[in-house]
Amino acid sequence: ARMLRDYCWLRGKTADSKILRPWVHSPLGYVLALLFRTLPATMRGEHVFRLRVVNLAEEAYYVDPRRGDWCLLRPRGSVLFEGQAGILSAGAVPYYGGGFRLFPFAGVPGFVHLRISDIHPALATLNIIPLWKGHYRNERRVKDFLVREALVEVDRAVPLQHSGELVGEVERVHLKVRDDGGAHLVDFFSAEK
709 ARMLRDYCWL RGKTADSKIL RPWVHSPLGY VLALLFRTLP ATMRGEHVFR
759 LRVVNLAEEA YYVDPRRGDW CLLRPRGSVL FEGQAGILSA GAVPYYGGGF
809 RLFPFAGVPG FVHLRISDIH PALATLNIIP LWKGHYRNER RVKDFLVREA
859 LVEVDRAVPL QHSGELVGEV ERVHLKVRDD GGAHLVDFFS AEK
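Convert by adding 708 to the 1-based position in the sequence shown; the result is the number in my numbering.
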């Protein structure tokens, strides 16, 4: 979401430029945003935020990587995670795009895979193959949960991407799996505190 936000910012800054617009308003623009805005900010740790995730459903599960990806029950009201992270993502299907298996535990009927990670870009680069294949496990850096409904609160507004589109900046998100098994965002509470 951060890179998409940076790309949109770059597009806005070059909208009136007859020279830069054709270059930036193309797939090359994503690369430029990544190289000159997103990566430098990420290397400085600007992507890191504090968050709290609470289970609102009867059950949720923590996927424990130390026990062979064993799932541990977390009842309603449990704080699933409280701490620092650089990325919070959720998916109902295993693949993010381009064959990147970001959500290896997605596909359990009635649940979405909620992944919280705090991986420095250098460590992520060194582990790109296991990350890409969905095999990366690090109990300190990646937390995986299967949830039906959860409330996510962050300490500051962060960019939210949904289905490939930048939705805006949010501080709270209520995530819920529909009765038919599909996932959708219920509310954005960023205007309220």
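All C-beta atoms, glycine included, are put in the ideal place defined by N, C-alpha and C.
When you compare only the Cα positions, how much space is there between residue i and residue j?
i	j	result
K901	R758	Model confidence at K901 stands at a pLDDT of 48, short of 50, so the residue's coordinates are unreliable; what they give is reported in the following sentence. So the two alpha carbons sit approximately 15 Å from each other.
L712	P812	23 Å
A800	P867	20 Å
I824	L743	24 Å
S725	L874	23 Å
N846	W731	39 Å
R729	G720	10 Å
H733	W778	45 Å
G815	R774	21 Å
E786	L736	Checking the displayed sequence, the identity of residue 786 turns out to be Ser instead of Glu. Approximately 44 Å between the Cα atoms of the pair.
I837	K884	31 Å
N763	H870	21 Å
E766	G794	28 Å
P965	G842	Past the edges of the chain, shown from 709 to 901, lies residue 965, and the structure says nothing about it.
R710	D887	31 Å
Report back the beta-carbon spacing between residue i and residue j to the nearest angstrom; my notes put them in contact at under 8 Å.
i	j	result
Y769	L854	4 Å
P829	T750	5 Å
R760	F819	Wrong, their Cβ atoms sit about 20 Å apart, outside the cutoff.
Just list the residues that DSSP pairs residue i with in beta bridges.
i	result
H821	G799, L854
R880	E861
G805	F808
E847	According to DSSP, E847 bridges with nothing at all.
L874	Q869
Counting along the chain, where does the alpha helix (DSSP H) carrying residue i start and finish?
i	result
A832	829-834
A741	735-741
_Whole runs of the beta strand (DSSP E) within the stretch 759-795, excluding any shorter than 3 residues_ = 767-772, 778-783, 787-793
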